[in-house]
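Engineer: Here this note's numbering runs 3 ahead of the position in the sequence shown, where the first position is 1.
The C-beta atom is built at its ideal place from N, Cα and C for all residues, glycine as well.
Note that this is a predicted model, so its numbers are computed, not measured.
Dropping the structure in here first, questions after.
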Amino acid sequence: RGWKKMKLYFMIGLPTEEDEDVEGIVWTGHNAWKRGAQARGDNRGQVTVSVSTFVPKPHTPFQWAAMNGYDEVRRKQRILRDAARRSKVQLKVHDSKGSWLEGVLARGDRRLAQVISDAFDGGCRFDSWDDQMELDVWSDAMAAHQIDTEALLGTLPVTARLPWDHLDVGLEDGFLAREYRKALKNRLSPPCGKAAGMFVHHTNVAEATQDTRRLVCYDCGIACDMTEMREERLVRLRVLGAEERRVLVTATADTTADADSAEETEARDGAPTPYVQVPHTRASQGDRMRLRLSFLKTGRFAFQGHLDLVRLFPRMFRQLDMPLYYTEGFHPRPEMTFSPALSLGIPSLGEFLDLKLRAGAVSEEGVDALLERLNGVAFEGVHFTGARVLGPNDPALGRILEEAEWVAAIPRAALTALGFDSEAALFERVQTQAARAPLTVTRRVKGIGRVIDVGGILRDVAPGVGQDALDAAGLVGDLIPVRFVTWMRPEGSAKPTEVMAALLGLENIEDLPIRFVRSGLFGVRDGQRHTPMELAAFRNAPSRSRREGEPEDGDADASDEQEEHSHETRHDQDGVTPGEALT
């Protein structure tokens, strides 16, 4: 199928493990790489071996097993690294400190409640992130409460009373112990619910229906309904559309004349049958059309990030059975282009979305009915205000948007903190700063400063204007509005907080209670501002010069690779260019 990368997952520290088993993990990955290289006919494939550390968990057969100590885990990881250097695989290992803590918490009793509380008070947060792990704090808390971690992580007698024995998970007494002894004797237990003699489920309805063998059941005490389990599996396969077994064609040549099977050929020649790659094909989606939607983003939904919109909006469209048009990469996604991303918490009165649908999904006469249906399923805080069917000569959003209009909401109670004794003094400062040249502010990212030319992107400033926008966005209180317009220039713009800091003559206003509303996005033609919904204003106008990597006018298609990654890109919110943070 043309895949170039594979990731394999393994675990070290399991009971009865030997060093040969640890080193064998890497060579298993190496052998997978070799088979891939033979099948592809080149060495460009990549196999990643990811190795985690075994942690004994309650209510599992290995709940009595010992967990490798910190030093032992590090020793085994060194074995893995040494083997990886002699192989063709890329190795990734999990941090052993996190696994050690996970094991202590999994095997501990109620005494750990106070340990967790003390660690929290000591500043422990997000400990699953390697850079946030505060192992010293955890160790001190355990020592303070006399927790013997070696005893917790050592081998426990099968007859011992365990801290979680009073919790009933439905298993009969002795079942886990039998499975534990069975595992120590290297005897397999195929997962329950599968047909007897199989290690995997059937992958299609036809084979699952024909197989009348009984399903595996270990009589664990839960008393599963095996007939119902079989029916549920069939339902899931039908939902996936897996009616028949999929046949993978591995050669373009006519193979009907060759009676030898691939297995027979491999057995005879001692080498795997060469894999001839067949071009990846998809079912045709037919012709497509483009639809432009305008909507408000207010209330709690203002705290949904840009990537949340990319994930949530298709759910609304699927509720209405809208025939979305998908990208054609390995991970198909609806083809959508949003207006520039906003920082969390900033409401907007003028958001836009270009959406691709299958041709004929919506007519110009049916947009009003579509708007009503969309608002019927819209999330709280989202309200659709317009819909237009785009023609082949209508440019994409990224080639229209040039100006963003903002309204800052300054609490009157914050005037003193800002250094003003009156509203008039505030307005005077804003007007004075707007007339300065140059007007700059410093943006700091990870300790590195970058000078932003606010004056170069500032188009208009109007102190005291914009109360209607604050009301529409739901911002209440004794607020002083300041409206300003910024140019969304190709080389980048400025964040609203940066613009307002420059207008107030302050270095930073991030910690001040100033709220913002994006009241509109506009394109400019012949000196007049127009919203993207005014299609006629842009249709026949000369387009701006195309930037490298930006789609052409009209259909605005990008390459498959660009489309594939566009929805996952994290944007520099607010301070964006029209073409880089839209999709």
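(1) Within 10 Å of its beta-carbon, does I451 have 16 or more other beta-carbons around it, so buried, or fewer, so exposed?
(2) Pick out the complete beta strand (DSSP E) segments inside the segment 24–67, 3 residues or longer, and give them in chain order.
(3) Using the beta-carbon count (16 or more within 10 Å), is G369 buried or exposed?
(4) By how many angstroms is the C-alpha of A412 removed from the C-alpha of F519?
(5) Compare the Cα-Cα distances from D463 to each of A407, A416 and V448 and report the closest residue.
(6) Residues bridged to H148 by DSSP?
(7) Give every residue of the same chain whose Cβ lies closer than 6 Å to the Cβ of E105, excluding the five residues on either side of it in the sequence, and list them in chain order.
(8) Nearest-angstrom Cα distance between L482 and R415?
(9) Indicate the three-state DSSP secondary structure (helix, strand or coil) for K7 in the structure shown.
(10) Would the segment 360–368 and the segment 287–302 be scored as touching if the rule is three or more Cβ pairs under 8 Å?
(11) Based on the DSSP secondary-structure assignment, which residues constitute the bridge partners of W409?
(12) Look at the Cβ atom of L299, then the Cβ atom of V172, and state whether they are nearer than 8 Å.
(13) Mind the definition here: the segment 312–322 touches the segment 337–356 only if three or more C-beta pairs lie below 8 Å; say whether that holds.
(14) Classify G379 as buried or exposed, calling it buried when 16 or more other Cβ atoms lie within 10 Å of its own Cβ.
(15) Suppose you measure from the CA of M536 to the CA of F430; what does that come to, to the nearest Å?
(16) Is the separation between the beta-carbon of F541 and that of R521 shorter than 8 Å?
(17) Within the segment 70–144, note down every full alpha helix (DSSP H) run reaching 4 residues or more, in order along the chain.
(18) What is the residue span of the alpha helix (DSSP H) that D228 lies within?
(19) If we count the other Cβ atoms within 10 Å of its Cβ and call it buried at 16 or more, is Q117 buried or exposed?
(20) So does the segment 154–171 actually touch the segment 121–140, counting three or more Cβ pairs closer than 8 Å?
(21) Could you tell me whether the segment 388–405 touches the segment 343–358, where touching means 3 or more Cβ pairs closer than 8 Å?
(22) Could you give the first and the last residue of the continuous alpha helix (DSSP H) run that contains H309?
(23) Out of T51, M503 and A476, which has the shortest C-alpha to C-alpha gap to G458?
(24) Given Q470, which residues of its chain have a CB within under 6 Å of its CB, disregarding the five upstream and five downstream residues?
(25) For D436, count neighbouring Cβ atoms within 10 angstroms of its own Cβ and tell me buried if that reaches 16, exposed if not.
Structural biologist: The relevant details are as follows:
(1) By the neighbour-count rule (16 or more Cβ atoms within 10 Å), I451 is not buried but exposed.
(2) 49–56
(3) exposed
(4) 6 Å
(5) A407
(6) Answer is none; H148 lacks a bridge partner.
(7) In chain order, V58 place their CB closer than 6 Å to the CB of E105, counting only its own chain and leaving out the 5 sequence neighbours on each side.
(8) 6 Å
(9) coil
(10) yes
(11) F487 and R521
(12) Cβ atoms of L299 and V172: not closer than 8 Å.
(13) yes
(14) exposed
(15) 33 Å
(16) no
(17) 73–88, 99–110 and 115–124
(18) It is not in any alpha helix (DSSP H) - D228 carries neither H nor E in the DSSP assignment.
(19) exposed
(20) No contact exists between the segment 154–171 and the segment 121–140.
(21) Touching, yes, given that three or more Cβ pairs across the two stretches are closer than 8 Å.
(22) H309: member of the alpha helix (DSSP H) spanning H309 to Q322, first to last residue.
(23) For G458, the nearest C-alpha among the options comes from M503.
(24) P484
(25) First, the residue type needs correcting, since residue 436 is Gln and not Asp in the sequence shown. Burial call: buried.
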